[in-house]
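Peer 1: I'd like to ask some things about the structure below.
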Amino acid sequence: MASLTFHGAAREVTGSCHLLECEGVQVLLDCGLFQGPPDVERQNERPFPFAPQALAAVVLSHAHLDHSGLLPKLVREGFRGPIFVTAPTRDLLEILLADAAHLEARDAEWENRKRERAGRKPRPPLYTVADVAPTLARTVSKAYGERFAVAAGVEACFRDAGHILGSSIVELWVHTPKGVRHVVFSGDLGNRSTPMLRDPELIRGADVLLLESTYGDHDHRSMQETLAEFGQILDAAAASGGNVVIPSFAIGRAQEIMYRLGELFQAGRLRQQRVFLDSPMAIKATEVYEKYVQLFDTDSRHALRRNGGDAQGFLPVLQYTHTPEESMAINRIAGGAIIIAGSGMCSGGRVRHHLKWNLWRAAAHIVIVGFQAQGTPGRKLVDGARKLRLLGEDIAVKASVHTLGGFSAHAGQTALVDWAGKFRKPQPRVYLVHGEPEAMRTLKSRLKAVHGFEAQIPAPGQVIRL
Ligand code: ZN
1 MASLTFHGAA REVTGSCHLL ECEGVQVLLD CGLFQGPPDV ERQNERPFPF APQALAAVVL
61 SHAHLDHSGL LPKLVREGFR GPIFVTAPTR DLLEILLADA AHLEARDAEW ENRKRERAGR
121 KPRPPLYTVA DVAPTLARTV SKAYGERFAV AAGVEACFRD AGHILGSSIV ELWVHTPKGV
181 RHVVFSGDLG NRSTPMLRDP ELIRGADVLL LESTYGDHDH RSMQETLAEF GQILDAAAAS
241 GGNVVIPSFA IGRAQEIMYR LGELFQAGRL RQQRVFLDSP MAIKATEVYE KYVQLFDTDS
301 RHALRRNGGD AQGFLPVLQY THTPEESMAI NRIAGGAIII AGSGMCSGGR VRHHLKWNLW
361 RAAAHIVIVG FQAQGTPGRK LVDGARKLRL LGEDIAVKAS VHTLGGFSAH AGQTALVDWA
421 GKFRKPQPRV YLVHGEPEAM RTLKSRLKAV HGFEAQIPAP GQVIRL
């Protein structure tokens, strides 16, 4: 008998984790961190609902922490098998897991000081920096399109998902006593408008399809409109003489923004003479992107190769700021610069300093290019706050704040429905994962209306037979 159990990203967006079992062999698809409000994040502290030492292998769709962030905990608790990844995923994982371990140590320390004062016993961190190297040592890289043995009776193949560098759709062949079952896990499907990355590969058939549904309820604004507005904002900032501050996630979005600025520069339309990437993590991630230019889509690869082959060749006004001193020097620039810095939701990192030095200036422009969760400083800016508490100080918001909704690393509703529609008859059994319940319900009815699919929305812990 073969089965699949949905242990995470079931009726929610984070904590992606699905357990495949066949004839006593257990394989895990993703091992993601639950991210969000405290009640969601508490799920990270629960014991795994399976024995880590009993797993034969892990197959990882991509490096984002909501898919990979509990791997060090899995290894710490006894997992000793291979973790199958693509080579870029391995490189990005190194950056992301190290950062996650640092943040986890900091959070645990803060919480434990509080617990100590309240007379409660401390909470051990989920894992520490020391758990990251043994986790990375278990990774085994496979190329896109290469069919490989995962464990006895299970084979897999990574297909490009076009979501972030190295991201994959995972195809699995499960050899059951009743025959081979072809299972496709979409992972996170990319947005076809994202530069550098290729479009998600089309898969033509499966018995079972696990489909992500992050944006199952709407489409993104068109990239053309988004880029036109971005250009107008940069022009307005150049005219007013202020800086442009772009809070950005370090992996994916930062590289996309630099690429778009590079396109403007190459077209002679970028008036700003200085662009700073002020994030050591984003600089490292950019180096990983540049290492894998051969995996880029044709247009971006040619554009980069014609112009020096890297971000600074494509965008010669780009400067990387590695040290805190270099970062602080940017504070003395009153106008004419574009500053890309983390964190993406302004809740930590160097961008807080840049906001502190620019928010109160009427000539400055703040461009929000990513999702802002409830309660974060970034969300307050989007919602029109007149002042913002940053680094212990109240800062007046006089700058123009712009929200550009069109940049997204995920396929929108129409793209999800189109991608699923490429599966030929007989129709796969479809299970929706990785989405809020509302988005899942909307996607379910679209799939029914357009393709006649009867998609299921599995509950956490639900088991299906293959
Ligand atoms: Zn992702």
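The sequence shown begins at 1 in our numbering and counts up one residue at a time. A virtual CB, placed ideally from N, CA and C, is assigned to each residue, including glycine. Model, not experiment: these values are computed from the prediction.
Tell me where the beta strand (DSSP E) around tyrosine 431 begins and ends.
Peer 2: Start at 1 with the first residue of the sequence shown, and residue 431 comes out as number 431. Here the beta strand (DSSP E) through tyrosine 431 covers 429 to 433.
Peer 1: Please report the distance separating the alpha-carbon of leucine 391 from that of tyrosine 215.
Peer 2: Translated into the one-based positions of the sequence shown, residue 391 becomes position 391. Translated into the one-based positions of the sequence shown, residue 215 becomes position 215. The alpha-carbon atoms of leucine 391 and tyrosine 215 are separated by roughly 34 angstroms.
Peer 1: Quick one: what does DSSP say valine 40 is sitting in, helix, strand or coil?
Peer 2: Looking up residue 40 in the sequence shown gives position 40. Helix at valine 40.
Peer 1: Taking the DSSP output, what are the residues bridged to glutamine 456?
Peer 2: Numbered from 1 along the sequence shown, position 456 holds the residue referred to as residue 456. Beta-bridge pairing links glutamine 456 to Tyr431.
Peer 1: Just to check my reading of the structure: serine 186 and methionine 440 have Cβ atoms closer than 8 angstroms, yes? What is that Cβ distance to the nearest angstrom?
Peer 2: Here the question's residue 186 lines up with position 186 in the sequence shown. Here the question's residue 440 lines up with position 440 in the sequence shown. No, serine 186 and methionine 440 are not in contact; Cβ-Cβ is about 13 angstroms, not under 8 angstroms.
Peer 1: Straight-line CA distance for leucine 20 to serine 300?
Peer 2: By one-based count along the sequence shown, residue 20 stands at place 20. By one-based count along the sequence shown, residue 300 stands at place 300. Roughly 37 angstroms separates the two Cα atoms.
Peer 1: Compare the beta carbon distance of valine 430 and alanine 449 with 7 angstroms and say whether it is the shorter of the two.
Peer 2: Start at 1 with the first residue of the sequence shown, and residue 430 comes out as number 430. Start at 1 with the first residue of the sequence shown, and residue 449 comes out as number 449. No. Outside cutoff.
Peer 1: Less than 6 angstroms between the CB of aspartate 188 and some heavy atom of the ligand ZN, yes or no?
Peer 2: Taking the first residue of the sequence shown as 1, we reach residue 188 at position 188. It does: the Cβ of aspartate 188 is within 6 angstroms (strictly closer) of some heavy atom of the ligand ZN.
Peer 1: First and last residue of the alpha helix (DSSP H) that includes tryptophan 419?
Peer 2: Taking the sequence shown and counting its residues from 1, one reaches residue 419 at position 419. 413 to 421 is the span of the alpha helix (DSSP H), which, as asked, contains tryptophan 419.
Peer 1: Quick one: what does DSSP say aspartate 99 is sitting in, helix, strand or coil?
Peer 2: Within the sequence shown, numbered from 1, the residue matching residue 99 stands at position 99. In the structure shown, aspartate 99 sits in a helix (DSSP, three-state: H, G or I).
Peer 1: Contact check, proline 72 vs alanine 101 under 8 angstroms by CB: the rounded distance?
Peer 2: The residue labelled residue 72 in the question sits at position 72 within the sequence shown. The residue labelled residue 101 in the question sits at position 101 within the sequence shown. Going by Cβ atoms, the distance from proline 72 to alanine 101 rounds to 7 angstroms, so yes, they are a contact pair.
Peer 1: Identify the residues that DSSP records as bridge partners of threonine 176: which are they?
Peer 2: Residue mapping note: residue 176 aligns to position 176 of the sequence shown, counting from 1. Per DSSP, Gly179.
Peer 1: Using 8 angstroms as the cut-off, can you tell me whether the stretch 112 to 127 makes contact with the stretch 56 to 76, which would need three or more C-beta pairs spanning the two stretches below that distance?
Peer 2: yes
Peer 1: Provide the residue span of the alpha helix (DSSP H) that contains isoleucine 339, from first to last.
Peer 2: For the purposes of this step, residue 339 is taken as the residue at position 339 of the sequence shown. DSSP places isoleucine 339 outside any alpha helix (DSSP H); the residue lies instead in the beta strand (DSSP E), whose first and last residues are 337 to 341.
Peer 1: Between the beta-carbon of leucine 33 and the beta-carbon of histidine 18, is there less than 7 angstroms?
Peer 2: As a first step, residue 33 must be located in the sequence shown, where it is residue number 33. As a first step, residue 18 must be located in the sequence shown, where it is residue number 18. Contact flag unset, no.
Peer 1: Consult DSSP for threonine 139 and reduce its assignment to one of helix, strand or coil.
Peer 2: As a working mapping, residue 139 is identified with position 139 in the sequence shown. Looking at threonine 139 - three-state DSSP - the assignment turns out to be strand.
Peer 1: Taking all protein chains shown into account, do 16 or more other C-beta atoms lie within 10 angstroms of the C-beta of glycine 162, making it buried, or fewer, making it exposed?
Peer 2: Locating residue 162 in the sequence shown gives position 162, where the first residue counts as 1. Buried.
Peer 1: Candidates Leu96, Pro37, Arg159, Ala51: which alpha carbon is nearest threonine 86's?
Peer 2: Your numbering for residue 86 matches position 86 in the sequence shown. Measuring from the Cα of threonine 86, the nearest candidate turns out to be Arg159.
Peer 1: Please state whether DSSP places methionine 33 in a helix, a strand or coil.
Peer 2: The count along the sequence shown starts at 1 and reaches residue 33 at position 33. The residue asked about is misnamed: residue 33 is leucine in this sequence, not methionine. Looking at leucine 33 - three-state DSSP - the assignment turns out to be coil, as it is neither helix nor strand.
Peer 1: Around the Cβ of glutamine 500, are there at least 16 other Cβ atoms within 10 angstroms (buried) or fewer (exposed)?
Peer 2: The first residue shown for the chain is 1 and the last is 466, placing residue 500 beyond what the model contains.
Peer 1: If you draw a straight line from the alpha carbon of leucine 295 to that of alanine 420, how long is it in whole angstroms?
Peer 2: Locating residue 295 in the sequence shown gives position 295, counting from the first residue. Locating residue 420 in the sequence shown gives position 420, counting from the first residue. For leucine 295 and alanine 420, the distance between alpha carbons rounds to 24 angstroms.
Peer 1: Less than 7 angstroms between the C-beta atoms of leucine 189 and alanine 9, yes or no?
Peer 2: To locate residue 189, count along the sequence shown from 1; it is residue 189. To locate residue 9, count along the sequence shown from 1; it is residue 9. No.
Peer 1: State buried or exposed for threonine 194, treating a residue as buried only when at least 16 other CB atoms are found within 10 Å of its CB.
Peer 2: Residue mapping note: residue 194 aligns to position 194 of the sequence shown, counting from 1. The residue in question, threonine 194, is buried, as its Cβ has 16 or more Cβ neighbours within 10 Å.
Peer 1: How far does the beta strand (DSSP E) with glutamine 294 in it reach, from first residue to last?
Peer 2: Taking the sequence shown and counting its residues from 1, the one referred to as residue 294 is at position 294. Counting along the chain, glutamine 294 falls outside any beta strand (DSSP E), and DSSP gives it neither H nor E.
Peer 1: Please tell me whether isoleucine 395 and tryptophan 360 are closer than 7 angstroms, where the distance is taken between their beta carbons.
Peer 2: In the sequence shown, residue 395 corresponds to position 395, counting from 1. In the sequence shown, residue 360 corresponds to position 360, counting from 1. Contact flag set, yes.
Peer 1: Going by DSSP, what residue range makes up the alpha helix (DSSP H) through proline 437?
Peer 2: By one-based count along the sequence shown, residue 437 stands at place 437. For proline 437, the enclosing alpha helix (DSSP H) begins and ends at 437 to 451.
Peer 1: Have a look at histidine 354 and methionine 328 and give me their C-alpha separation to the nearest angstrom.
Peer 2: Sequence index remark: in the sequence shown, residue 354 carries index 354 (1-based). Sequence index remark: in the sequence shown, residue 328 carries index 328 (1-based). Whole-angstrom Cα-Cα distance: 9 angstroms.
Peer 1: Using only alpha-carbon positions, find the residue among Arg386, Ala362, Gly342 that is nearest to glycine 370.
Peer 2: Within the sequence shown, residue 370 is the residue found at index 370, counting from 1. Among Arg386, Ala362, Gly342, the Cα nearest to that of glycine 370 is on Gly342.
Peer 1: In its own chain, which residues sit with a C-beta less than 6 angstroms from the C-beta of threonine 403, not counting the 5 before and 5 after it?
Peer 2: Numbered from 1 along the sequence shown, position 403 holds the residue referred to as residue 403. Cβ neighbours of threonine 403 beyond the five flanking positions: Ile368, Val382.
Peer 1: Could you pull the DSSP bridge partners for leucine 318 from this structure?
Peer 2: Translated into the one-based positions of the sequence shown, residue 318 becomes position 318. In the DSSP output, where bridge partners are listed per residue, leucine 318 has Val275.
Peer 1: Using a Cβ-Cβ distance cut-off of 7 angstroms, determine whether histidine 218 contacts chain D.
Peer 2: Annotation note: the requested chain D is absent from the structure, which comprises a single protein chain.
Peer 1: Return yes when at least one heavy atom of the ligand ZN lies under 6 angstroms from the C-beta of histidine 182, else no.
Peer 2: Numbered from 1 along the sequence shown, position 182 holds the residue referred to as residue 182. No; taking the cut-off as 6 angstroms, the Cβ of histidine 182 has no heavy atom of the ligand ZN nearer than that.
Peer 1: For alanine 56 versus alanine 151, is the C-beta spacing smaller than 7 angstroms?
Peer 2: Working through the sequence shown from its first residue, we reach residue 56 at position 56. Working through the sequence shown from its first residue, we reach residue 151 at position 151. With contacts defined by Cβ atoms closer than 7 angstroms, alanine 56 and alanine 151 form a contacting pair.
Peer 1: Compute the Euclidean distance between the alpha carbons of proline 200 and serine 61, then round it to the nearest angstrom.
Peer 2: Sequence index remark: in the sequence shown, residue 200 carries index 200 (1-based). Sequence index remark: in the sequence shown, residue 61 carries index 61 (1-based). Between proline 200 and serine 61, the C-alpha separation is close to 13 angstroms.
Peer 1: On the DSSP letters alone, give me the boundaries of the beta strand (DSSP E) that alanine 2 sits inside.
Peer 2: Translated into positions along the sequence shown, residue 2 becomes position 2. Its beta strand (DSSP E) spans residues 2 to 8.
Peer 1: Tell me whether proline 72 sits in a helix, a strand or coil according to DSSP, three-state version.
Peer 2: Within the sequence shown, residue 72 is the residue found at index 72, counting from 1. In the structure shown, proline 72 sits in a helix (DSSP, three-state: H, G or I).
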